[in-house]
Each structure stands twice: as structure tokens, then as C-alpha cells.
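The structure appears below as C-alpha cells.
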Amino acid sequence: MLRQEQLVRLCAARAALREIGEQEPSIDDVARAAALSRFYFVRQFKAVFGVTPVQYRTRARLDRAKQLLSDSDQSVTDICMSVGFSSLGSFSALFAAREGQSPSTYRTTTRLSENPVAPACMELMQAAWSHKSQISRSGEIPPP
Amino acid sequence: MKISLTAIMVDDQQKALDFYTDVLGFVKCQDIPMGEYRWISVKSPEGGDVELSLEPNANPAGKTFQEALFEQGIPMTAFEVDDMDAEFKRLSDAGVAFTTEPTDAGPVKMAVFADTCGNLIQIYQHVAS
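Quick note, the sequences are listed as chains A and B, same order. With our numbering, letter number 106 in the first sequence gets 303, and the count goes up by one each step, no holes. With our numbering, letter number 112 in the second sequence gets 103, and the count goes up by one each step, no holes.
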């Protein structure tokens, strides 16, 4: 059973794992701050958030990269390095595996988007049903 | 007017679909790719017409709300179960982390668990009076 104070510590750990850059804490540091052994910390984090701390940090790096690709003019290589990847190849491969497109394509698509703000539920539903009705009318799958 | 759709914010739609179907046992209704996101909904195999949309929490306003509730230990929503003790055992055996074990609360018995997607979920069973 997870007690309230443990839940609060895990939330703090999750926030710490989102800190990207030179001052980012190690997984051991985060576990220590949560007052847990590394083994128990990883196990509890996975049970509560569905991913390991390392997977969560990787996702945070990619989320930060997406934000920079969308909002800044930094080169893809600079962004790759600034979010903590040491290899452009592994960054691009991970990015493409998760997002289904390369970082530079993501930048182009996002900037062309009419609605760059992340959609809320009902907007997404409206778009999805409109998309679905186009499929049923034409029999072909239009681009989203 | 009737309620046939509700939504819950999730931090990763695929992870959520896996948890809500493979672990909780709901069935997928809709899964429509919409660019970066998907329109995904699930429903209970035990009946009822209500679909639950697994909404991305990418909107910062929603994410802030979701994380605040979670940290305060407040469930985002609640699902009814027929047999609390059996569900508690089934989910615990599947590795689900509970923050409240089955507890008598007047006309219901309730428990709370983490859905692995940023939410606490309450389950409750009506108790015969």
C-alpha cells in the first residue's frame, strides 16, 4: 500500500526527473531524495507511473526537444545536445520511434499547423469524427 | 439528453490504452490517429453505453490540474465494481499500486489505485443495506 507521503515523494521525484540540463540530478540522487533505495524507488516509480525513472527522463528529454523544435530556431544538433543526448543518431532514432517522424519533419509540420496548442478532449473528438466521416464518404483515408 | 461520453487525461495514450484494456479489462471502442495524438475511447464489457476517452494531457492547463489532484491523493474519477475484494486481489496481483485499500465508507466500500498514467482512480462497491 502506498502511503500519502510516499505518493508526494514520488511526485517530487517525477518533477526532478523532468529537470534537463547540466544540473540534472542522477537517478541515485532522485532516489535518495525520495528516501528510498534505488531498487525500491525504481519498482515503486514503475508501479505508479507505468515507466521506469530512466524511461521517464528519456521521455522528458524528447518532450523538451519537441518544445524547442517548435518554439526556437536552434539547430537540431544543438537541441539534441541541450536536452542531454550525446549522439545525434540515437536522438533522431528515438525521436522518430516515438513521434513517427524525424525531428526536422516534426519542426516543419508543427510550424505549419493551424492549431499549435495541444488539443483538449472535445476538440480532438470533433476533429476525429470529422476525419472519420471523410473516410466513410470517400472510402479513402485523408491526412489528419 | 444523456451521458454517453466522459474523458480522463493520460500522460501517454498508448500506455493508457494498454492499462485500461489489458489490466482493468475495458474494451477499445475508438482509435483514430489524429496527427500527434489519437482519439481513443474504451468502454466496460459489463454493459452500459458510456465511453471513456483517453485524452492526452499535453495541454498545460490540464496537466497542471491532473498533477495537483494526484499529489493531493484525490481520485480523478470512479468506477463501480461488483466485488471489491475480488477486484482488489486481481489488480494487486497484476502489480497495480493502491493508495487506499478496500475501506467501508457508509453505503459503499471503496479503494483507490494509480492508473500509471497520472491519475488516481477510485473503485467502489454498493453495499447492501
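Glycine included, each C-beta is placed from N, C-alpha and C at the ideal position.
Counting only beta-carbon atoms, is residue i nearer than 8 Å to chain A?
i, result
"Thr68/B", "no"
"Gly64/B", "yes"
"Glu46/B", "yes"
"Lys100/B", "no"
"Ala119/B", "no"
"Tyr134/B", "Residue 134/B is absent from the structure shown; chain B starts at -8 and stops at 120."
"Phe17/B", "no"
"Lys34/B", "no"
"Tyr11/B", "no"
"Lys80/B", "no"
"Ala96/B", "no"
"Ile112/B", "no"
"Phe56/B", "no"
So that I know if they touch, is there some Cβ in chain B lying closer than 8 Å to that of residue i?
i, result
"Arg198/A", "According to the sequence shown, residue 198/A is Met rather than Arg. With 8 Å as the cut-off, Met198/A counts as an interface residue toward chain B."
"Phe246/A", "yes"
"Ala324/A", "yes"
"Cys208/A", "yes"
"Val160/A", "Outside the displayed range of chain A (198 to 341) lies residue 160/A, so it cannot be described from this structure."
"Leu259/A", "no"
"Leu233/A", "no"
"Gln201/A", "yes"
"Leu321/A", "yes"
Residue i and residue j: beta carbons closer than 8 Å?
i, j, result
"Ser114/B", "Asp106/B", "It should be pointed out that residue 114/B corresponds to Ile in this sequence rather than to Ser. No, these two residues do not count as a Cβ contact at 8 Å."
"Phe79/B", "Glu58/B", "no"
"Ser44/B", "Ile31/B", "yes"
"Arg206/A", "Ala232/A", "yes"
"Thr302/A", "Ser267/A", "no"
"Leu204/A", "Thr90/B", "yes"
"Ala119/B", "Val245/A", "no"
"Pro36/B", "Gly16/B", "yes"
"Phe61/B", "Gly26/B", "no"
"Ser242/A", "Ala213/A", "According to the sequence as given, residue 242/A is Phe; it is not Ser. The answer is no: Cβ separation not under 8 Å."
"Ser299/A", "Ala293/A", "yes"
"Asp225/A", "Arg235/A", "yes"
"Glu221/A", "Gly286/A", "no"
"Gln4/B", "Arg29/B", "yes"
"Glu46/B", "Cys20/B", "no"
"Phe104/B", "Leu82/B", "yes"
Using only CA atoms, which one of the options lies nearest to residue i?
i, options, result
"Arg200/A", "Ile23/B, Ile65/B, Asp3/B, Asp95/B", "Ile65/B"
"Ala69/B", "Thr(-3)/B, Ala49/B, Phe56/B", "Thr(-3)/B"
"Lys6/B", "Trp326/A, Arg295/A, Ser299/A, Leu321/A", "Arg295/A"
"Ala96/B", "Val14/B, Ser(-5)/B, Gln116/B", "Gln116/B"
"Gln264/A", "Ser279/A, Val251/A, Gln252/A", "Ser279/A"
"Val1/B", "Ser(-5)/B, Tyr11/B, Ser83/B", "Tyr11/B"
"Asn50/B", "Leu321/A, Cys208/A, Thr249/A, Ala290/A", "Leu321/A"
"Lys100/B", "Val72/B, Arg81/B, Asp13/B", "Val72/B"
"Ile(-1)/B", "Met67/B, Met75/B, Ala102/B", "Met67/B"
"Ile276/A", "Thr249/A, Ser223/A, Arg261/A", "Arg261/A"
"Val248/A", "Pro98/B, Met(-8)/B, Gly86/B", "Gly86/B"
"Ser223/A", "Gly297/A, Pro250/A, Arg304/A, Lys329/A", "Pro250/A"
"Ile(-6)/B", "Val103/B, Asn48/B, Asp40/B, Gln63/B", "Asp40/B"
"Leu8/B", "Asn48/B, Asp84/B, Val33/B", "Val33/B"
Is there at least one non-hydrogen atom of the ligand PLP closer than 7 Å to the beta-carbon of residue i?
i, result
"Gly109/B", "Absence of the ligand PLP is noted for the structure shown, with no ligands found whatsoever."
Comparing the C-beta of residue i with each C-beta of chain C, is any distance below 8 Å?
i, result
"Cys20/B", "No chain C is part of this structure, whose protein chains are labelled A and B."
Practice prompt. Determine, using beta-carbon pairs with one atom in the stretch 245 to 265 of chain A and one in the stretch 207 to 219 of chain A, whether at least three such pairs fall under 8 Å.
Written response: The way I'd put it, the stretch 245 to 265 of chain A does touch the stretch 207 to 219 of chain A; three or more beta-carbon pairs between them come closer than 8 Å.
Item to complete: Let me know the alpha helix (DSSP H) ranges lying completely inside the stretch 32 to 63 of chain B, each 4 residues or longer, listed in chain order.
Response: 51 to 62, all fully within the stretch 32 to 63 of chain B.
Discussion item. Just to confirm the assignment: which complete alpha helix (DSSP H) runs, minimum length 4, are found wholly within the stretch 215 to 285 of chain A?
Written reply: 224 to 230, 235 to 246, 250 to 268, 273 to 279
Worksheet item: Which ranges would you report for the beta strand (DSSP E) in the stretch 80 to 112 of chain B if only whole runs of at least 3 residues count?
Response: 89 to 96, 99 to 105
Worksheet entry | Any beta strand (DSSP E) of 3 or more consecutive residues that is wholly inside the stretch -7 to 26 of chain B | Within the stretch -7 to 26 of chain B, the complete beta strand (DSSP E) runs of at least 3 residues are -4 to 1, 18 to 25.
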